[in-house]
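The UniProt record's numbering puts the first residue of the sequence shown at 1, with every later residue one more than the last. Cβ atoms here follow ideal geometry from the backbone N, Cα and C, with glycine treated the same way.
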Amino acid sequence: MTSHVFTLVLDRQPTDDELATLQAAGCDDGAFGMEDSLAVVEFDREAPTMADAIASAVRSLEAAGLGVTRVLDQDLLTLADIADRIGQSRESIRRYASGTRGPGGFPPPVNPSREGTLFYRWSEVAPWIRHHLDIDVPDADPALVVANLILQARKHRHRVQHLSALSDLLAA
1 MTSHVFTLVL DRQPTDDELA TLQAAGCDDG AFGMEDSLAV VEFDREAPTM ADAIASAVRS
61 LEAAGLGVTR VLDQDLLTLA DIADRIGQSR ESIRRYASGT RGPGGFPPPV NPSREGTLFY
121 RWSEVAPWIR HHLDIDVPDA DPALVVANLI LQARKHRHRV QHLSALSDLL AA
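Below, the structure written as structure tokens:
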């Protein structure tokens, strides 16, 4: 089996009793702590796929009474973050994004109407960089992106009328 490394954000710090329960239940592959005032647990979990690893970790945490709010997936990046990842200047990446340099078609920001900092999805930018700039960059694991979407959907599911219409889209 493959070892998958990922970090989950919790709704709160676990108590000592909850930590003992989690250790006994097989969560000895998780390191609990704080990151930027967020309660987190970093897993190094053996599973066939990233999706299996995340799902089993979330189920274990929830069985112990903890809530999982999201996965730290590092999919949302600024142009400066993208530049750092590929070893280019922020200005060169800004010019790719604006279409004044390169072939055009740079993926759009996820928040185009917002004033201030724009964010881009690495899962969309990485393939563009590989194809147009011929730079070998790793993909974001899509399981991390989808896990976040599912955790968000679970949080809001009771407030959406006829949720089955949307969940049918996922199944299609």
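Span of the beta strand (DSSP E), counted from its first residue to its last, around residue i
i            : result
serine 164   : Taken as a continuous stretch (DSSP letters only), serine 164 belongs to no beta strand (DSSP E), being part of the alpha helix (DSSP H) at 163 to 171.
glutamate 35 : 30 to 35
Where residue i falls: helix, strand or coil (DSSP)
i            : result
serine 56    : helix
leucine 66   : coil
aspartate 75 : coil
methionine 1 : coil
leucine 61   : helix
arginine 114 : coil
valine 125   : helix
Residues of its chain near residue i, where Cβ-Cβ distance is below 7 Å and the 5 sequence neighbours each way are ignored
i             : result
aspartate 31  : Contrary to the premise, residue 31 reads as alanine rather than aspartate in this sequence. Around alanine 31: Val41, Glu42.
isoleucine 93 : Leu79, Ile82, Ala83
alanine 97    : Leu79, Phe106
arginine 130  : Asp136, Val137
Neighbourhood of residue i by C-beta distance below 6 Å, restricted to the same chain and skipping five residues each side
i           : result
arginine 90 : Leu79, Ala80, Ala83
serine 3    : Asp44, Glu46
alanine 140 : Asp75, Trp122, Ser123
Identity of the residue in the options nearest residue i by Cα
i            : options                    : result
residue 174  : Trp122, Leu66, Asp11       : Residue numbering for the chain in the displayed model covers 1 to 172; residue 174 lies beyond these limits and cannot be assessed.
serine 60    : Ser92, Ala20, Gly105       : Ala20
serine 37    : Ser56, Pro48, Gly26, Asp11 : Asp11
alanine 25   : Gly33, Leu8, Ala57         : Ala57
threonine 7  : Arg101, Asp134, Gly33      : Gly33
alanine 63   : Gln23, Gly87, Pro48        : Gln23
threonine 73 : Gly67, Ile54, Leu66        : For clarity, residue 73 is aspartate in the given sequence; the question names threonine instead. If we check each option's Cα against that of aspartate 73, Ile54 comes out closest.
valine 68    : Val9, Arg114, Arg157       : Val9
Boundaries of the alpha helix (DSSP H) in which residue i is found, first to last residue
i              : result
leucine 151    : 142 to 156
alanine 25     : Unbroken run through alanine 25: none, as it is neither H nor E.
arginine 45    : Arginine 45 -> not in any alpha helix (DSSP H); beta strand (DSSP E) instead, spanning 38 to 47.
isoleucine 135 : Careful: isoleucine 135 lies outside any alpha helix (DSSP H) and carries neither H nor E.
serine 89      : Run containing serine 89: none; DSSP gives neither H nor E here.
Nonlocal neighbours in the same chain, by C-beta distance under 8 Å from residue i, ignoring five residues either side
i             : result
proline 107   : Tyr120, Arg121, Glu124, Val125, Trp128
alanine 51    : Ala143, Val146, Ala147
glutamine 152 : Arg70
glycine 65    : Glu18
Below-9 Å beta-carbon distance, residue i vs any chain D residue
i         : result
serine 89 : The structure shown has no chain D; it contains just one protein chain.
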